[in-house]
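Beneath this line is the structure, given in structure tokens, with notes to follow.
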Amino acid sequence: MLKLSDVHVFYGHVHALKGVNLTVEDGKIVSLLGGNGAGKSTTLKMISRLVQPKKGNYEIDGKSLMKDSPSQVVKKGIIHCPENRRVFPLLTVEENLMIGAYNRRDKHIKEDLQKVFTYFPRLKERIKQKAGTLSGGEQQMLAIGRSLMGKPKVLLLDEPSLGIAPILVKEIFEIVKQINKDGTSVLLVEQNAHMALSISDYSYVLENGHIALEGNSQELKDNDEVRRLYLGG
Ligand SMILES: Nc1ncnc2c1ncn2[C@@H]1O[C@H](COP(=O)(O)OP(=O)(O)OP(=O)(O)O)[C@@H](O)[C@H]1O
Ligand SMILES: [Mg+2]
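End of the sequence shown = 273 in this note's numbering, gap-free, step of one.
Listed below in structure tokens is the structure:
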């Protein structure tokens, strides 16, 4: 279980997270919704320690991560798939995937590569292709595949649907569901609230650095405020 308690983050004078409390229970998909600038990406960056918390605590399975470096967080099974995909454009699909395993010394890396190809057969077809020549949707698949190569216990997924054709968005969300069924918890940041609420178990709504609302995703779908603000009425 990943648990954030009263987490505060500042960018200079900008108080971006103002006491965030959030829990991702094992085996669940949890979505984090909210408008532009609400602090969604900051929450994920804080968990993976690309930005530092100023106050508060967060832990995995009861052990605090407050003193950890980004690579220690990765070693504990928390893998961040960032906003805008960030694949290495000049490296091949295979090389990008192998970078996801850089922290591992075990013998199962090859098997896990095959597993990624069963989730995303398109990546296998394009194994020697430079990542920069993939379509946006394929780059998103590659970014998720690269994260899977780190063997996540908890996958932090930032806006996987951004700028992607609707048909691929559906495909990607189906695979996220499958990844979750295969044992990875997911913290999903999404602007596509319809999609996020339909695949997640529990959801939080961030507003201006605060959790404004939380609940079972099914219940939030029927919440008047959520419908008005995030689901188009
Ligand atoms: N590096 C930075 N320096 C200064 N301010 C920042 C920085 N990164 C983010 N912010 C500010 O922190 C707030 C939260 O940003 P964040 O990127 O977490 O929002 P978000 O919810 O992910 O938004 P979006 O939906 O647009 O991706 C915003 O007001 C943003 O301007
Ligand atoms: Mg963001």
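The beta carbon of each residue, even a glycine, is placed where N, CA and C say it ideally should be.
Check, Outcome
"Ligand 2 heavy atom lying under 6 Å from the CB of Ser201", "no"
"Sequence-distant residues of the same chain with beta carbon closer than 8 Å to Arg186, five excluded per side", "Cys121, Val127, Asn136, Leu137, Ile139 and Gly140"
"Residues that DSSP places opposite Glu247 in a beta bridge", "His250"
"Sub-7 Å separation of Pro129 and Ala171 beta-carbons", "yes"
"Cβ neighbours of Lys80 in the same chain (closer than 7 Å, five flanking residues each side left out)", "Leu72, Gly74, Val229 and Leu246"
"C-alpha gap between Tyr159 and His53, whole angstroms", "43 Å"
"Residue(s) in a DSSP beta bridge with Glu99", "Lys43 and Ser104"
"Neighbourhood of ligand 4 [Cβ distance below 5 Å to any heavy atom], ordered by chain position", "Inclusion of ligand 4 in the displayed structure is not the case, the ligand content consisting of ligand 1 and ligand 2 alone."
"Pick from Met181, Leu196, Gly203 and Asp198 that is closest to Glu214, judged by C-alpha positions", "Met181"
"Host alpha helix (DSSP H) of Thr173 (start-end)", "Unbroken run through Thr173: none, as it is neither H nor E."
"Exposure label - Gln179; buried when at least 16 CB within 10 Å", "buried"
"Close-in-space but distant-in-sequence residues of the same chain around Thr82 (CB under 7 Å, 5 per side omitted)", "Val49, Ala56, Leu57 and Val91"
"Those residues which DSSP pairs with Phe50 across a bridge", "His55"
"First and last residue of the uninterrupted alpha helix (DSSP H) at Ile87", "Lys80 to Ile87"
"Ligand 2 heavy atom lying under 6 Å from the CB of Glu123", "yes"
"Nearest to Gln112 (by Cα), restricted to the options Lys94, Gln258, Ser225 and Ile87", "Ile87"
"Contiguous beta strand (DSSP E) assignments of at least 3 residues, all confined to the segment 180-257", "194-198, 225-229, 242-247 and 250-256"
"C-alpha gap between Ile149 and Met189, whole angstroms", "7 Å"
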